[in-house]
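Residue numbers (this note's numbering): 8 to 324.
Encoded structure:
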């Protein structure tokens with residue numbers, strides 16, 4: 008019984024090849040008007056929620072508008088609101104508080120995150136389980152962080168206050184949120200608790216990319232663990248450290264939630280950050296013109312930092 012010939016036999020005898028199947032092309036509107044019509048809903052939403060508020064607040068920054076005097080915008084005053092900020096003791100104080108807070112927060116976050124990463128760098132089963140838990144502190148809402156840390160630092164029933172008082176007897180009964188510097192450090196610690204584990208995950212990934220042959224060769228040459236960290240690990244982590252530091256600086260300058268919940272800017276104005284100062288001016292003093300001007304000064308500072316951040320990412324350094 009003769010078997011049917013296969014396709015390779017037909018091709019060998021010069022038979023026509025079967026037509027190649029091509030994937031269907033995605034549908035695209037041919038008319039430019041139809042494209043804009045399909046984009047119109049998204050553009051309207053962006054215009055109403057992003058563009059219009061930005062333009063309106065920018066125009067307001069050049070006006071004298073105090074809600075206690077008039078419900079409508081006042082006259083144009085040019086750059087008066089901006090020059091006022093440069094001589095306003097409240098703004099200059101909040102700028103200094105934000106700078107000090109940023110220094111404390113960024114430094115301790117990087118050191119803590121890197122320490123956690125070095126401890127959990129080896130992929131043991133226990134370390135892998137610990138890594139999965141690192142994302143949870145970052146997922147906690149900032150308001151919840153503020154309430155939790157305010158409760159835990161209460162000198163009467165706070166667990167952290169009690170623990171520190173037992174370990175360091177002079178700190179027993181110490182009101183952490185009632186003193187200038189300790190209140191700022193407490194706010195920074197609430198933020199470090201959330202960000203350091205996330206940065207630890209980033210550092211663990213970067214540590215895994217370091218060639219094992221490099222460290223093994225250094226060990227064979229007699230290098231100590233500290234020398235390997237200082238001469239090999241730290242320089243190779245420098246690009247990641249730079250990007251992470253810029254990201255944390257941007258976040259630190261936007262600190263508002265924990266300040267509002269934990270201290271309300273106090274004691275006095277010792278924890279009044281820039282964003283909390285804008286909130287005070289706009290919603291308590293009802294000076295919308297000045298608040299808008301200060302907001303755009305913050306936008307300018309954030310734009311400078313964000314430019315460094317984006318350029319670093321684009322360079323891939």
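All C-beta atoms, glycine included, are put in the ideal place defined by N, C-alpha and C.
- The criterion of a C-beta distance shorter than 8 Å is not satisfied by residue 282 and residue 88.
- Under the three-pair Cβ rule at 8 Å, the region 161-174 does not count as touching the region 107-120.
- Bridge pairing for residue 73: 294 [DSSP].
- Taking the Cα of residue 125 as reference, the smallest distance to any Cα among 206, 94, 98 is reached at 206.
- Judged by DSSP in its simplified three-state form, residue 83 adopts strand.
- Of the other Cβ atoms in all chains shown, fewer than 16 fall within 10 Å of the Cβ of residue 179; this residue is therefore exposed.
- Residues of the same chain with a CB within less than 7 Å of the CB of residue 203, apart from the 5 flanking positions on each side, are 116, 119, 120, 123 in chain order.
- DSSP places residue 217 outside both helix and strand once states are collapsed to three, so it counts as coil.
- Secondary structure of residue 130 (DSSP, three-state): coil.
- About 7 Å separates the Cβ atoms of residue 254 and residue 316, confirming a contact at the 8 Å cut-off.
- A check of alpha carbon separations from residue 157 across 197, 99, 111 identifies 197 as the nearest.
- Approximately 6 Å separates the beta-carbon atoms of residue 309 and residue 257; this is inside 8 Å, confirming the contact.
- Residue 179 sits in coil when the DSSP states are folded into three classes, being neither helix nor strand.
- Residue state for residue 305 is assigned as helix, using DSSP reduced to three classes.
- The continuous alpha helix (DSSP H) containing residue 246 extends over residues 241-260.
- Secondary structure of residue 234 (DSSP, three-state): helix.
- Residue 68 sits in coil when the DSSP states are folded into three classes, being neither helix nor strand.
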